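K.L.:
Input: one structure, supplied below.
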Amino acid sequence: MIQKRFNRTLGLRVLGFGILAWTVTSCFMPSVPISRDRKYDLDVYWENQEKPDRPFQVIDQVSIHEEMPLTDAQRTTKGPMTQRGNDARQKDRLTQMLVKKAEDMGANAVIDVKYQYYTSTTSNGYIMEGTAVLYRGN
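Counting in full-length UniProt numbering, the sequence shown runs without a single skipped number right up to 138 at its last residue.
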């Protein structure tokens, strides 16, 4: 009798925990949506992608960079440095800035785009660079 009551209580607890876990995970949404096929005003080809399959002429190199002092939250001396770096939304904004620069040069695309984030004990920064190109022909 005691064993049956214990099993029923344990079963209800497991069921309740399962429903709670399902509810929490089914409502999960990442805080920063990550888009893999983001569309920009120009074609963007990252350094690990193939180049455009149509003829093009190189205009010039294009780059953006910035270095900033660390904030208090980024100055942690213990544990992981999770406050450092650019999230997906910030990286997307940087890519848009690079595209705008290339567009101002008259480019149709930016190829071999590279992104690098760096940090030190006092500052952090980024460099994003690529090659602005103009499609030839049709």
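From the three backbone atoms N, C-alpha and C, an ideal C-beta is built for every residue, glycine too. Since we're looking at a predicted model, the values are computed, not measured.
At least one CB of chain C closer than 8 Å to the CB of residue 126: is that the case?
P.N.:
The structure shown contains no chain C, having only a single protein chain.
K.L.:
Give every residue of the same chain whose Cβ lies closer than 8 Å to the Cβ of residue 133, excluding the five residues on either side of it in the sequence, and list them in chain order.
P.N.:
Taken in chain order, the residues that qualify are 52, 56, 57, 58, 59, 107, 108, 109, 110, 111.
K.L.:
When the distance is taken between beta carbons, is residue 61 closer than 8 Å to residue 129?
P.N.:
Closer than 8 Å, so yes.
K.L.:
In angstroms, rounded to a whole number, what distance separates the CA positions of residue 99 and residue 124?
P.N.:
In a straight line, the C-alpha of residue 99 is about 23 Å away from that of residue 124.
K.L.:
Go through its chain and collect everything with a Cβ distance to residue 97's Cβ below 7 Å, but skip five positions before and after it.
P.N.:
Once the five neighbours on either side are set aside, the close Cβ partners of residue 97 are 64.
K.L.:
With a threshold of 16 other CB atoms inside 10 Å of the CB of residue 126, please say whether the residue is buried or exposed.
P.N.:
Result: buried.
K.L.:
Looking at residue 70 and residue 122, is the spacing between their C-beta atoms short of 8 Å?
P.N.:
Contact: yes.
K.L.:
Using a 10 Å radius around the Cβ and a threshold of 16 neighbouring Cβ atoms, would you call residue 136 buried or exposed?
P.N.:
With fewer than 16 Cβ atoms within 10 Å of its Cβ, residue 136 is classed as exposed.
K.L.:
Could you tell me the alpha carbon to alpha carbon distance between residue 38 and residue 19, rounded to whole angstroms?
P.N.:
About 36 Å.
K.L.:
Alpha carbon to alpha carbon, what distance is there between residue 67 and residue 40?
P.N.:
Distance between the alpha carbons of residue 40 and residue 67: 25 Å.
K.L.:
Can you tell me whether residue 9 is buried or exposed? The criterion is at least 16 other CB atoms within 10 Å of its CB, across all chains shown.
P.N.:
Classification of residue 9: exposed, given that the 10 Å Cβ count is below 16.
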